[in-house]
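In my numbering, the protein residues as written are -13 to 578. Where is the CB? At the ideal position from N, CA and C, for every residue including glycine.
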């Protein structure tokens, strides 16, 4: 599996890596009646479902009050790491790429609710042979930015590229599923990509409108995988290799006319995009002007104060700087310019390395010692997330709210001491590694004080982000007992969460707690053969709830939130319920 991905990534203090999945946003979205961002915690738990062929037809439901025209400005501290669709593997990049790229399926968002529908395809796919075969039909009238039709062979070529060297930075599922090989390197021995091995026999294109995918095992989550950017078509004659990562050829409502990496990017209308074929996107603005490398604080101040182009500007990657949060909260006019929502399906955990802390009684004690409320306050309070009791996010299909070992958010020292007394060996100290910054330093102190009350010395190891990433998150053998980590599934089912994090046969960069339970491995093998996505999801959540979390392989902390600024003249801004950032594909200018 990819090492630092949307599924599992470092989650620094207030700002974790954006990622995928599914909750209602609490700010105005497509089809809503306003732009005000309600306060934290207002939105219900809403999981994305599958739409019908009728839902997939297009055009996208209109954003009430939207108008055409003008230049929308997007100011982000950093450029995207990748624009090549087969290399994109981060929520904000997925979200932004909706402006110029289309996939077999995609998420339609209305009133903050996400629904998976056919995008280039007429529906979300038709399974057969126990979900070992999936068939998609492409819509009429879909075209590239030069007007040439998009064909099934272009979709096949795009998927074939995921096998090639250099594309391991993207999702690995197509190579793994199509070959039946769990390891990406083994999958590439079967097929090495279109430029090396030519045509891949596991994907058929009997005509220009039909694509048939043949999998080695049942794959119930194909409709969700088909929404990822790696499912985008690529035309062989436009495949410019590494240059495609700078300026991919467009299928969406906009096309990239200029991209100066880490400086700026300009998008203009794609004249060959047809709204009647697209149930997802809009083409309200005339242009998008992206700028990069400007300090987040300066950008946010210009947006909130309407200075310069601030009223027409939005940030899709930057978060509201903590030093401006109080000001924005006190001033109603500025508060309306802060877009708040859940960060997809991201959950923040305290990871316990199980092979270094093998006694479950000690891990239970850590669970009771962890003062979640105080730690959250050190990070910024409720705005950073809702206190979690489950490994999985409420975003996923089959989610159940549970608490394996109920404890007050402030912790329970007395219960922790009882479990420590049951431990086979006395525990005098534990080590805790973390990325050092002001907020995380405060969290570390909170933990030190809590553990001391139970007689445990918590030895802290603060380190800069590069060292933390290399020594803890990417190391096959980090020499620490505890650390923080963010986690998300890649789409709104538990299929890319529980089976990867808790399968003892996976390497330590997936199974970072080093959790080992043969009964869990056996049940994961059984569940993997299920061909129905809902049945599979329920079985995985039951396994998490009834077995895995009883062993306390990690301690849930937060279901994370995000706040981003948008200018007073920018309408249609909401946190995308799948991708966890403001989505530019729904934005418009109120006046121009």
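Where residue 77 is concerned, the enclosing alpha helix (DSSP H) starts and stops at 77 to 83. In this structure, the CA atom of residue 367 is about 25 angstroms from the CA atom of residue 385. As the crow flies, the alpha-carbon of residue 486 is around 32 angstroms from that of residue 86. Rounded to the nearest whole angstrom, the CA to CA distance from residue 522 to residue 403 is 38 angstroms. Rounded to whole angstroms, residue 250 and residue 278 show a C-alpha spacing of 6 angstroms. For residue 338, the three-state secondary structure derived from DSSP is strand. Note that the C-beta distance between residue 143 and residue 180 is below 8 angstroms.
By the 16-neighbour rule on beta-carbons within 10 angstroms, residue 482 is buried. For residue 213, the CB contacts under 6 angstroms within the same chain, skipping 5 residues up- and downstream, are 89, 91 and 92 in chain order. With fewer than 16 other Cβ atoms from the protein chains shown falling within 10 Å of its own Cβ, residue 243 counts as exposed. Inclusion of residue 364 and residue 429 in the CB contact set at 8 angstroms is warranted, their separation being smaller than that value. Between residue 388 and residue 332, the alpha-carbon positions lie close to 17 angstroms from each other. Listed in chain order, the non-local C-beta contacts of residue 118 below 6 angstroms within the same chain comprise 201 and 204, local neighbours out to five positions each way being set aside.
DSSP places residue 401 in the uninterrupted alpha helix (DSSP H) bounded by 399 to 408.
Secondary structure note for residue 477: it is in no beta strand (DSSP E), with a DSSP letter that is neither H nor E. Residue 447 and residue 48 have their C-alpha atoms some 51 angstroms from each other. For residue 211, the enclosing alpha helix (DSSP H) stretches over residues 208 to 211. Pairwise C-beta distances place the segment 565 to 574 in contact with the segment 76 to 84, as three or more of them are shorter than 8 angstroms. Less than 8 angstroms separates the beta-carbon of residue 41 from that of residue 265. Counted as a single uninterrupted DSSP element, the beta strand (DSSP E) harbouring residue 192 occupies residues 189 to 193. Put simply, the segment 490 to 509 does not touch the segment 354 to 363. Fewer than three CB pairs are less than 8 angstroms apart. Setting aside the 5 residues that flank it on each side, residue 434 is surrounded in the same chain by 444, each with a C-beta closer than 6 angstroms to its C-beta; the list follows chain order.
Given a length threshold of 4 residues, each whole run of the alpha helix (DSSP H) inside the segment 440 to 479 is given here in chain order: 451 to 454.
Listed in chain order, the beta strand (DSSP E) elements of length 3 or more contained wholly in the segment 487 to 552 are 540 to 551.
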